[in-house]
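Visitor: One structure is given below, represented as structure tokens, and several questions about it will come after.
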């Protein structure tokens with residue numbers, strides 16, 4: 005082997021050794037980089053300060069139960085205002101514009117939202133509860149009297165219209181809680197486990213409350229009632245109650261003398277034991293229907309109008325409705341006992 009060949013050989017050998025050193029150095033650098041990356045704690049994404057709106061008190065209560073102390077929750081329809089006829093204020097529009105999520109029942113319940121949905125007022129997510137899968141919807145009773153073949157065409161709902169008082173069925177309330185949890189977890193995955201835990205606790209409370217109310221109302225299942233406003237059929241179905249007619253189908257109208265006469269006749273024929281009113285109902289109108297019967301009168305509040313706005317509102321509202329029905333029935337029982345003494 006001559007010098008030239010040797011040099012070439014050594015040059016190649018030296019070049020190979022240099023290449024090996026470089027590969028070793030790069031490998032060590034990569035190893036150190038991985039070690040450093042593993043040593044740095046992985047910080048989770050920051051929790052999002054959710055801005056959430058619920059339109060009515062019962063829905064607010066369920067949302068608040070799932071949210072707990074996370075984010076900010078506001079109620080839109082406050083006080084004793086009727087969501088059917090509520091009018092948006094400029095402050096409401098700004099509130100919606102700045103929100104992440106708006107929970108509501110249905111555009112046909114909170115009709116004031118239709119104006120918002122027709123325009124682009126921000127990137128909020130609107131969640132209509134009555135349109136969710138597994139919500140049990142019931143069509144409106146199409147007339148104010150639904151006893152046997154009695155027909156009163158004085159005022160009717162259109163065929164196919166759904167009754168949107170869906171929250172009065174605890175089964176629907178449980179499904180709403182599931183939807184609320186899913187939506188909140190989507191927008192705020194950092195607090196997902198908290199939302200899931202709160203939802204599970206709320207659902208368990210709803211099951212327990214439903215069983216408690218069912219036992220209390222069991223003795224009233226075969227006792228017919230008349231309701232002031234036809235807003236309770238979800239509650240009736242859930243707990244096996246039976247009403248035979250309504251003084252009003254719509255809260256913004258007054259009954260005719262003809263209709264009151266029909267109801268009065270039914271109240272006597274069916275031995276109606278209770279006439280249930282709502283906040284703002286005129287007791288004098290109910291008195292016309294009750295005259296000549298042993299029926300008591302009670303007020304039930306399906307919106308929690310007089311209750312504090314808090315997570316427990318839904319549970320208090322349902323229990324107070326139950327107690328009002330029991331008290332109304334007790335008044336009827338007192339009349340019956342007095343007649344027995346004569």
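Residue numbers (my numbering): 5 to 346.
Note that the Cβ used here is the ideal one computed from N, Cα and C, for glycine as well.
Quantities reported herein were computed from a predicted structural model and do not represent experimental measurements.
Alpha carbon to alpha carbon, how far is residue 332 from residue 267? Give it in angstroms, no decimals.
Guide: Roughly 18 angstroms between the two C-alpha positions.
Visitor: Suppose the cutoff is 6 angstroms on Cβ atoms and the five residues either side in sequence are ignored; what does the same chain contact list for residue 320 look like?
Guide: Same-chain partners within the cutoff: 311.
Visitor: What are the start and end residues of the alpha helix (DSSP H) that includes residue 65?
Guide: Counting along the chain, the alpha helix (DSSP H) containing residue 65 begins and ends at 61–71.
Visitor: Would you kindly work out how many angstroms separate the C-alpha atoms of residue 80 and residue 273, rounded to a whole number?
Guide: In a straight line, the C-alpha of residue 80 is about 44 angstroms away from that of residue 273.
Visitor: Does residue 103 pass the burial test, meaning 16 or more other C-beta atoms within 10 Å, or should it be called exposed?
Guide: Residue 103 is buried by the Cβ-count criterion.
Visitor: Per DSSP, what kind of secondary structure is residue 77 in: helix, strand or coil?
Guide: The answer is strand: DSSP assigns residue 77 an E or B state.
Visitor: Taking just the CA atoms, how far does residue 108 sit from residue 196?
Guide: Near 21 angstroms, if we compare the C-alpha coordinates of residue 108 and residue 196.
Visitor: Grab me the residues of residue 198's own chain with a C-beta within less than 8 angstroms of its C-beta, minus the 5 sequence neighbours each way, in chain order.
Guide: Result list for residue 198: 72 and 74, in chain order.
Visitor: Sorted by chain position, which residues of the same chain lie with C-beta nearer than 6 angstroms to residue 180's C-beta, five sequence neighbours on each side aside?
Guide: Cβ within range, chain order: 66 and 133.
Visitor: On the CB-based measure, 16 or more other CB atoms within 10 Å of its CB, does residue 190 come out buried or exposed?
Guide: So residue 190 counts as exposed.
Visitor: Would you list the residues sitting across from residue 233 in a DSSP beta bridge?
Guide: For residue 233, which the question treats as bridged, DSSP gives the partners 252.
Visitor: On the CB-based measure, 16 or more other CB atoms within 10 Å of its CB, does residue 291 come out buried or exposed?
Guide: The residue in question, residue 291, is exposed, as its Cβ has fewer than 16 Cβ neighbours within 10 Å.
Visitor: Put residue 243 into one of helix, strand or coil per three-state DSSP.
Guide: Reduced to three states, the DSSP call for residue 243 is helix.
Visitor: Considering only the alpha carbon of each residue, which of 221, 203, 286 and 257 lies closest to residue 315?
Guide: For residue 315, the nearest C-alpha among the options comes from 203.
Visitor: On a CA-only basis, which of 69, 98 and 313 is nearest residue 209? Give me that one, please.
Guide: The shortest C-alpha separation from residue 209 is found at 69.
Visitor: Looking at residue 128: is its Cβ nearer than 8 angstroms to the Cβ of residue 100?
Guide: In contact: residue 128 and residue 100 (Cβ atoms closer than 8 angstroms).
Visitor: Quick one: what does DSSP say residue 167 is sitting in, helix, strand or coil?
Guide: Residue state, collapsed to three classes: strand.
Visitor: So residue 227 and residue 277 are supposed to be a Cβ contact under 8 angstroms. How far apart are they, rounded?
Guide: At roughly 5 angstroms, the Cβ-Cβ gap stays under 8 angstroms, so residue 227 and residue 277 are in contact.
Visitor: Kindly list the residues whose CB is nearer than 8 angstroms to the CB of residue 213, restricted to its own chain and excluding five residues on each side of it in sequence; keep chain order.
Guide: 174, 319, 322 and 323.
Visitor: So the candidates are 233, 280, 242 and 249; which of them puts its Cα closest to the Cα of residue 258?
Guide: Nearest of 233, 280, 242 and 249 to residue 258, Cα basis: 233.
Visitor: May I ask you to report which of helix, strand or coil DSSP gives residue 134?
Guide: Helix.
Visitor: Give me whichever residues DSSP pairs with residue 280 in a beta bridge.
Guide: DSSP, once it has assigned bridges, lists 231 and 302 as partnering residue 280.
Visitor: Which of the three DSSP states is assigned to residue 187 in this structure?
Guide: Three-state result, residue 187: helix.
Visitor: Using 8 angstroms as the threshold, is the C-beta distance between residue 280 and residue 329 below it?
Guide: Cβ distance < 8 angstroms, so residue 280 and residue 329 count as in contact.
Visitor: Between the beta-carbon of residue 230 and the beta-carbon of residue 271, is there less than 8 angstroms?
Guide: A contact, by the Cβ cut-off of 8 angstroms.
Visitor: Answer with buried or exposed for residue 223, where buried requires no fewer than 16 other C-beta atoms within 10 angstroms of its C-beta.
Guide: With fewer than 16 other Cβ atoms within 10 Å, it is exposed.
Visitor: With the cut-off set at 8 angstroms, would you say residue 167 and residue 143 are in Cβ contact?
Guide: Cβ atoms of residue 167 and residue 143: closer than 8 angstroms.
Visitor: For the beta strand (DSSP E) containing residue 57, name the first residue and the last one.
Guide: 55–58 is the span of the beta strand (DSSP E), which, as asked, contains residue 57.
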